[in-house]
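A short worksheet on the structure shown next.
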Amino acid sequence: MTKTKITSPNKGSAKRTKKIKSPAPEKRLKRFRSKPTIAIGSRIERAIQQRLFLVEVSSSTTCPHHGGPSITLNVLGSTGNVYEVTISKIPRCNCPDHTRGNLCKHLLFVMLKVVGLPVNSALVYQSAYLTNELDEILAMLQARTLRLGRDVVANEAVRQRHTDMKNGESADAVDSGTSLVQRKEVEGIDCPICFEELGTDLSQLTYCQQTCGTNFHSGCMQMWTGQAAQRDDPTCPNCRQPWMDKKAIAHDRKKDGRQNQDEGYQNLGNLQGQSLVRDTSTYHSYDWHDSYKRRRRY
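As structure tokens, then:
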């Protein structure tokens, strides 16, 4: 009987299975914060309590420096300056506080009131984000943008003026007869001050030219502004925003242009009824001390 010789396969001829390396986990570009510092906690308080407003949200793009999604928002600060906040792997703001290396209240305002993160979320106070975290933040932002109320979004006058200035419109354009808002209809409408019918003679009427477009009898409005001026700056009886006619708006726009040139920021505080004097009631003494020490070093 013939025996069949069994030979073992050549080890060298066996195909070797290549090991596929799993991609390295993404590294955070700055150290992860497990909890906010005392200084960040103070700024969170300011972001919640102070009058900050969203002016505009840009379309999402890819960050040219660090990759990943990036989106820019314009925020009206507490004294009316318009700051540019960018949410990307390294979030940033062009305000003085952030340029000194701090996580500023404008970034925190975006995270808390615009994006809608809970105050105890670790994403609120990070100095760097991973791509999946950015995707989560931008998804929340997109879902909330159209549902934000007047306590978060700047009024129509601010948004329109910001758009005009971005498009290069002169501060004197208002003198050409262009109003900031559309005037409401007058026929069959009563004056909100005297409750008598307005009539259709526009020469006897005036209206809120920067916010709501509501009409009033000129005589009624003169009495209203005269009485209000004895206590404070006049406001529109309907929307309670500062009352200004076209001449006053043109004057304030020229003033805004000078301030923009001096400080390097667009200032639209007068259109939102904001004071140019900084509210320091939510500032702690150590913040001012730290700021003072920083100024002394430079």
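Residues in the sequence shown are numbered from -19 upward in steps of one, following the numbering used here. Cβ coordinates follow ideal geometry from the N, Cα and C atoms, glycine included.
Excluding five sequence neighbours on each side, which residues of the same chain lie with their C-beta closer than 6 Å to the C-beta of residue 269? Within the sequence shown, numbered from 1, the residue matching residue 269 stands at position 289. Per-residue confidence for residue 269 stands at a pLDDT of 42, beneath the threshold of 50, marking its modelled position as unreliable; the derived number appears in the next sentence. Hits under 6 Å: none found.
**Study point:** Start-end ranges of the alpha helix (DSSP H) lying completely within the stretch 66 to 120, minimum 4 residues
**Key:** Counting only runs of 4 or more, we get 76 to 79 and 85 to 89.
**Q.** Whole-angstrom distance between residue 117 and residue 93, CA atom to CA atom
**A.** Position 113 of the sequence shown, counting from 1, holds the residue named residue 93. Position 137 of the sequence shown, counting from 1, holds the residue named residue 117. As the crow flies, the alpha-carbon of residue 93 is around 12 Å from that of residue 117.
Under 8 Å by Cβ, that's how I've got residue 196 and residue 187 pegged, so tell me the actual separation to the nearest angstrom. Taking the sequence shown and counting its residues from 1, one reaches residue 196 at position 216. Taking the sequence shown and counting its residues from 1, one reaches residue 187 at position 207. Right, the Cβ-Cβ distance comes to about 7 Å (below 8 Å), so this counts as a contact.
What's the call for residue 41, buried or exposed, on a 16-neighbour Cβ count within 10 Å?
Position 61 of the sequence shown, counted from the first residue, corresponds to residue 41. Looking at its Cβ environment, which holds fewer than 16 other Cβ atoms inside 10 Å, residue 41 is exposed.
For residue 181, does the three-state DSSP call read helix, strand or coil?
The residue given as residue 181 occupies position 201 in the sequence shown. Residue 181 carries a coil assignment under DSSP once its states are collapsed to helix, strand and coil.
Rounded to the nearest angstrom, what separates residue 60 and residue 36 at their Cα positions?
By 1-based counting over the sequence shown, the position of residue 60 is 80. By 1-based counting over the sequence shown, the position of residue 36 is 56. For residue 60 and residue 36, the distance between alpha carbons rounds to 14 Å.
message = Can you tell me whether residue 191 is helix, strand or coil according to DSSP?
response = Mapped onto the sequence shown, residue 191 falls at position 211. In the structure shown, residue 191 sits in coil (DSSP, three-state: anything other than H, G, I, E or B).
Find the nearest neighbour of residue 251 within the set 189, 18, 12 and 115, judged by alpha-carbon distance. Sequence index remark: in the sequence shown, residue 251 carries index 271 (1-based). Relative to residue 251, the option among 189, 18, 12 and 115 whose CA is nearest is 189.
Q) Does the stretch 162 to 173 come close enough to the stretch 59 to 76 that 3 or more CB-CB pairs lie under 8 Å? A) Touching, no.
message = Quick test of the definition: if touching needs 3 or more C-beta pairs under 8 Å, does the stretch 14 to 26 touch the stretch 44 to 54?
response = With the cut-off at 8 Å, the stretch 14 to 26 and the stretch 44 to 54 do not touch.
Checklist line | For residue 222: DSSP bridge partner residues | finding: The residue you call residue 222 lines up with position 242 of the sequence shown. Per DSSP, 215.
Exercise for the section: Specify, as a first and last residue, the run of the alpha helix (DSSP H) that residue 251 falls within. Expected result: Residue 251 sits at position 271 when you count from the first residue of the sequence shown. Its alpha helix (DSSP H) spans residues 249 to 252.
| query | When burial is assigned at 16 or more other CB atoms within 10 Å of the CB, is residue 139 buried or exposed? | reply | In the sequence shown, the residue the question calls residue 139 occupies position 159. By the neighbour-count criterion, in which a residue is buried when 16 or more other Cβ atoms sit within 10 angstroms of its Cβ, residue 139 is buried.
Checklist line | Inter-residue spacing [alpha-carbon to alpha-carbon] between residue 121 and residue 67 | finding: As a position in the sequence shown, residue 121 is number 141, starting the count at 1. As a position in the sequence shown, residue 67 is number 87, starting the count at 1. Whole-angstrom Cα-Cα distance: 11 Å.
(request) Below 8 Å on the Cβ atoms is my guess for residue 135 versus residue 221; work out the distance and round it to an integer in Å. (result) As a working mapping, residue 135 is identified with position 155 in the sequence shown. As a working mapping, residue 221 is identified with position 241 in the sequence shown. With 8 Å as the limit, residue 135 and residue 221 qualify as a contact, their Cβ atoms being about 7 Å apart.
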